[in-house]
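Single-structure report; data block below.
Numbering (this note's numbering), first residue to last: 256 to 403.
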């Protein structure tokens with residue numbers, strides 16, 4: 256079950272500070288509800304660390320493409336942490352290697368790696384795992400052992 260966040264005046268005020276985000280998402284009227292995590296973040300921009308995070312997403316949204324777009328459409332905190340890990344690694348590599356670092360654009364209903372880095376004639380494909388990914392696997396493994 257996804258949590259629904261009430262769109263408040265602070266949400267509306269905050270979105271106007273972030274041009275890329277504002278141009279990428281539509282939000283409802285004040286007092287309506289939305290299940291995307293970006294709504295919760297926008298509503299909490301009065302906290303400095305949250306505002307820095309939203310600014311980071313906004314700043315690198317255009318070059319990280321699908322990575323940041325997944326953040327904007329994400330509706331659970333587990334996946335939000337995964338997508339943020341992808342964005343942070345993408346930005347780190349982009350600052351070091353420039354345009355040789357590309358986000359991977361996946362087709363609907365397909366699995367793919369997250370980032371491609373092309374150096375000379377070699378293309379490196381990077382898949383990002385977070386500690387939560389391994390925790391989910393451990394739960395799944397325990398479930399399999401109890402049902403077999």
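In this text, a Cβ means the ideal position worked out from N, Cα and C, and glycines have one as well.
In this text, all values refer to a predicted model and were calculated from it rather than measured experimentally.
In terms of CA proximity to residue 359, 345 leads the group 345, 353 and 350.
By the neighbour-count definition (other C-beta atoms within 10 Å, threshold 16), residue 258 is an exposed residue. In the DSSP assignment, residue 347 falls outside any beta strand (DSSP E) and lies within the alpha helix (DSSP H) extending over 332-352.
Rounded to the nearest angstrom, the gap between the Cα atoms of residue 305 and residue 375 is 38 Å. In the displayed model, residue 377 falls within a strand according to three-state DSSP. Closest option to residue 299, judged by alpha-carbon separation, among 372, 335 and 264: 264. In this structure, the beta-carbon distance from residue 322 to residue 347 does not fall below 8 Å.
Residue pairing by DSSP places residue 260 opposite 289 in a beta bridge.
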